[in-house]
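See below for the structure under consideration.
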């Protein structure tokens with residue numbers, strides 16, 4: 051049972067392993083939404099995510115014999131590091147089964163906490179099956195990433211901290227993958243204040259809980275496809291499902307494109323790196339129908355590799371019209387390139403890439419194609435540059451940007 055006593059107990063336990071993640075008031079999102087928006091930055095935890103809370107509290111409930119036999123889990127990300135770190139603190143053996151496709155940096159971080167890493171299978175489901183097999187063969191205790199009431203209780207300690215800092219909070223937004231975080235936070239929040247609103251947020255490509263709530267029973271999606279890999283779950287937890295049904299007021303759905311823009315906004319306005327799953331709650335802020343309310347967005351994690359980060363930033367700039375590409379046709383004669391560049395410069399556009407194709411037509415003297423990729427300040431500035439090119443006799447055509 052997820053009870054107030056257990057939540058209070060867990061709150062004291064997890065203090066041993068967590069860093070203080072005090073609420074951050076967001077002037078940027080407050081102005082955009084008309085609410086008072088606060089961020090709960092769990093991306094700043096030592097392991098880069100909230101997962102250590104549930105893993106550590108689960109271990110505190112194990113018997114001495116269970117601890118001596120060791121623990122095991124399957125994960126390709128935040129849960130792996132949370133379990134490994136919690137096990138290190140307790141001095142118990144931890145075995146983490148990770149898919150063979152797991153990025154090396156995540157494997158090495160998990161190993162750095164002293165865990166034994168077993169690479170198996172191409173996807174999580176195969177790693178999970180292997181972990182269950184090893185648990186049965188060796189007597190290990192399996193710690194589920196989300197479908198465990200003790201784990202959910204540990205995750206719910208976030209709500210206790212929110213209420214201590216902001217007693218009059220009106221609404222909490224929580225990311226949803228399997229539902230453990232949402233079950234813990236929503237249940238404790240309702241125990242502390244039955245009138246509070248708790249909104250779950252899922253990626254559009256993996257909205258397993260919304261589908262389950264609508265059907266009134268746990269449903270499994272055919273596939274889970276989203277850049278929010280930490281919440282790419284096809285089936286929500288069965289043990290925690292009743293708590294989610296009872297305590298969540300609504301489930302909001304976010305498209306991947308919204309996460310890309312949210313990443314850019316977070317970096318520019320708060321200088322914080324938050325992984326795509328952790329950005330679900332800020333991306334959903336624009337969907338809220340309320341005004342002048344105290345709203346807390348839980349940023350669940352910040353474990354993101356540099357290559358992914360670079361790709362997301364570039365896509366975000368393109369979506370915001372900060373980078374765009376136009377194609378223009380011009381005579382193939384000296385000075386034409388300089389003339390086009392001069393017009394762009396006068397409008398404060400910054401050229402970052404040029405592609406000159408002399409073979410777009412059979413008559414090179416009549417026309418060659420020039421593709422210009424440039425930086426702008428945003429949509430209005432982009433329109434201004436395109437208008438200036440048209441006024442000078444060019445017919446710029448927007449084309450896909452490839453950086």
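Numbering (the working numbering), first residue to last: 51 to 453. Even for Gly, the Cβ is constructed at its ideal location relative to N, Cα and C. In this text, all values refer to a predicted model and were calculated from it rather than measured experimentally.
Can you tell which of the options has its C-alpha closest to the C-alpha of residue i?
i: residue 241; options: 261, 203, 260; result: 203
i: residue 421; options: 434, 438, 375, 283; result: 375
i: residue 200; options: 147, 258, 266, 101; result: 101
i: residue 351; options: 365, 405, 77, 99; result: 99
i: residue 379; options: 372, 405, 164; result: 405
i: residue 181; options: 154, 229, 323, 125; result: 125
i: residue 269; options: 67, 304, 286; result: 286
i: residue 464; options: 299, 432, 265, 329; result: Residue 464 is absent from the model: the chain starts at 51 and stops at 453.
i: residue 112; options: 319, 61, 135, 190; result: 190
i: residue 360; options: 317, 344, 384, 377; result: 317
i: residue 273; options: 257, 383, 342; result: 257
i: residue 141; options: 364, 114, 391, 435; result: 114
i: residue 267; options: 450, 246, 292, 131; result: 292
i: residue 354; options: 323, 373, 384, 371; result: 323
i: residue 386; options: 345, 307, 443, 295; result: 443
i: residue 320; options: 58, 87, 65; result: 87
i: residue 85; options: 238, 388, 219; result: 219
i: residue 345; options: 118, 215, 439; result: 215
i: residue 222; options: 206, 246, 233; result: 246
i: residue 107; options: 66, 425, 144, 347; result: 66
i: residue 178; options: 163, 149, 198; result: 149
i: residue 331; options: 119, 117, 347; result: 347
i: residue 175; options: 63, 284, 60, 307; result: 284
i: residue 277; options: 449, 307, 303; result: 307
Please classify residue i: is it buried, with 16 or more other beta-carbons within 10 angstroms of its beta-carbon, or exposed?
i: residue 70; result: exposed
i: residue 159; result: buried
i: residue 55; result: exposed
i: residue 395; result: exposed
i: residue 103; result: buried
i: residue 146; result: buried
i: residue 51; result: exposed
i: residue 327; result: buried
i: residue 128; result: buried
i: residue 467; result: It is not possible to answer for residue 467, since the shown part of the chain is limited to 51 through 453.
i: residue 313; result: buried
i: residue 402; result: exposed
i: residue 96; result: exposed
i: residue 75; result: exposed
i: residue 423; result: buried
i: residue 155; result: exposed
i: residue 186; result: exposed
i: residue 93; result: buried
i: residue 83; result: buried
i: residue 400; result: exposed
i: residue 288; result: exposed
i: residue 212; result: buried
i: residue 152; result: buried
i: residue 446; result: buried
i: residue 173; result: exposed
i: residue 392; result: exposed
i: residue 315; result: buried
i: residue 356; result: exposed
i: residue 340; result: exposed
i: residue 275; result: exposed
i: residue 305; result: exposed
i: residue 429; result: exposed
Our contact map puts residue i next to residue j with C-beta atoms below 8 angstroms; I'd like the distance itself, whole angstroms only.
i: residue 281; j: residue 253; result: 6 angstroms
i: residue 236; j: residue 251; result: About 12 angstroms separates the two Cβ atoms, so there is no contact after all.
i: residue 381; j: residue 417; result: 7 angstroms
i: residue 193; j: residue 230; result: Actually they are not in contact, since the Cβ atoms of residue 193 and residue 230 sit about 11 angstroms apart, beyond 8 angstroms.
i: residue 209; j: residue 165; result: At roughly 28 angstroms, the Cβ-Cβ gap does not stay under 8 angstroms, so residue 209 and residue 165 are not in contact.
i: residue 227; j: residue 196; result: 7 angstroms
i: residue 310; j: residue 366; result: 5 angstroms
i: residue 349; j: residue 89; result: 6 angstroms
i: residue 427; j: residue 238; result: Actually they do not touch by this definition, with Cβ atoms about 44 angstroms apart.
Can you name the residues that DSSP bridges to residue i?
i: residue 249; result: 223, 300
i: residue 91; result: 349
i: residue 403; result: 423
i: residue 344; result: 86
i: residue 233; result: Paired residue(s): none; residue 233 is not in a bridge.
i: residue 99; result: 351
i: residue 124; result: 147
i: residue 75; result: 88
Less than 7 angstroms separating the Cβ of residue i from some heavy atom of the ligand HEM?
i: residue 72; result: Ligands are entirely absent from the displayed structure, and the ligand HEM is therefore not among its contents.
List in chain order: all unbroken alpha helix (DSSP H) runs of 4+ residues lying wholly within the segment 415-450. DSSP runs (the alpha helix (DSSP H)) wholly in the segment 415-450: 429-441.
Would you list, in sequence order, the uninterrupted beta strand (DSSP E) runs of no fewer than 3 residues that lie entirely inside the segment 140-228? Inside the segment 140-228, DSSP marks whole beta strand (DSSP E) runs of 3 or more residues at positions 144-148, 166-169, 221-225, from first to last along the chain.
Which parts of the segment 304-382 are runs of the beta strand (DSSP E), unbroken and 3 residues or longer, counting only runs that do not cross its ends? Listed in chain order, the complete beta strand (DSSP E) runs (minimum 3 residues) inside the segment 304-382 are 344-349, 373-380.
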